[in-house]
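**Q** Here's a structure for you.
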Amino acid sequence: NYLLFRSLEGITNFASVESNTSVASLILNFGYDDIGKTIANIAVNDFAKNYQGNNWGYNGPGVITRALMKICNTRVITNMNKQNCKGFMVYGQEAFCPIPWTDWALYFNSTTSAKVMNAIENSMGIHVWNLHSKHTPIIVGSKQPYGLVAQKYCPDIFSSAKDIF
C-alpha cells in the first residue's frame, strides 16, 4: 500500500496532504514535544468520540485533517504549513501522494511509466491506494511503474516474486 524511497529517521511532527481537501493518515509522525502530543491527543479523542464504522475516510484522513484544522487555525489545506501549524510540518501532496487516488491505476499501467516516474521523482514515497488497487497484479518484468519502483527500492522482496509481485 505504501513504499518509502528514503528513511524518515530524524523527521518528526509531520503529515502529508493527500488531496486539496484532506491530510493523509497513511504516514504521520508525532514527536514527544508539546505540539506532537497535542495533535496526537486531539486525533485520538476525535477518533474515540466520532468513530463511524462504515466510513474509513472519516476515521482515517478525516481525523488528522480535523485535528490539524484546529491546531493550524484554518480549514484550507494549502494554508497548513509549519508556521501556521505551530511547528508541525504538513508536506504537500507531491511528497508522499504524488499520484492522487483518482488516478491510482497509473501505477499499474505499463504505458504510463514515463509519466509516473517523472511525477514521483522528487517524492519521499508513494501510496498506491490499496483500497482500489489490491486486486491489480504487478507482472514481474513489466514496465508497470509500481513494479519498477518496488524493484528499485525493495530488491530482495521483489526478486523473491516469480511471475506476479
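In terms of UniProt numbering, the sequence shown opens at residue 1 and continues consecutively.
Note that CB positions come from ideal geometry on N, CA and C, so glycine has one too.
1) Apply the 10 Å Cβ neighbour rule to P83 and answer buried if 16 or more other Cβ atoms are within range, or exposed otherwise.
2) Count the other C-beta atoms from every protein chain shown that fall within 10 angstroms of the C-beta of P61, then say buried if there are 16 or more, exposed otherwise.
3) From the DSSP output, in three-state form, read off H135 for me.
4) Quick check: what's the CA-CA separation for V66 versus Y58?
5) So V17 is in the beta strand (DSSP E); what residue range does that whole segment cover?
6) Exposed or buried, what is M117 when buried is set at 16 or more other beta-carbons lying within 10 Å of its beta-carbon?
7) Terminal residues of the continuous alpha helix (DSSP H) containing N50?
8) Could you tell me the boundaries of the beta strand (DSSP E) in which N29 lies?
9) For the beta strand (DSSP E) that L4 lies in, which residues bound it at each end?
10) Alpha helix (DSSP H) containing Y153: first to last residue?
11) With a floor of 4 residues, list each alpha helix (DSSP H) that falls wholly inside the segment 74–122, ordered by position along the chain.
12) Using only the alpha-carbon positions, how far apart do H132 and W104 sit?
13) Could you tell me how far apart the beta carbons of L4 and M80 are, in whole angstroms, since I believe they sit closer than 8 Å?
14) What is the DSSP secondary structure of G60, reduced to helix, strand or coil?
**A** Reading it off the structure:
1) Sequence inspection shows Gln at residue 83; the Pro mentioned does not correspond to that position. Exposed.
2) Residue environment analysis places P61 among the buried positions, since at least 16 neighbouring C-beta atoms fall within 10 angstroms of its C-beta.
3) H135 carries a coil assignment under DSSP once its states are collapsed to helix, strand and coil.
4) Per the sequence shown, residue 66 should be read as Arg rather than Val. Each residue's alpha carbon lies about 10 Å from the other.
5) From DSSP, the beta strand (DSSP E) with V17 extends over 14–19.
6) Exposed.
7) Counting along the chain, the alpha helix (DSSP H) containing N50 begins and ends at 34–50.
8) 22–29 is the extent of the beta strand (DSSP E) around N29.
9) Per DSSP, L4 belongs to the beta strand (DSSP E) from 2–4.
10) First-last of the alpha helix (DSSP H) with Y153: 145–153.
11) With a minimum length of 4 residues, the continuous alpha helix (DSSP H) runs that stay inside the segment 74–122 are 93–96, 113–119.
12) Put simply, the backbone Cα of H132 is about 7 Å away from that of W104.
13) The beta carbons of L4 and M80 sit about 22 Å from each other, so the pair does not count as a contact at 8 Å.
14) Here G60 sits in coil by DSSP.
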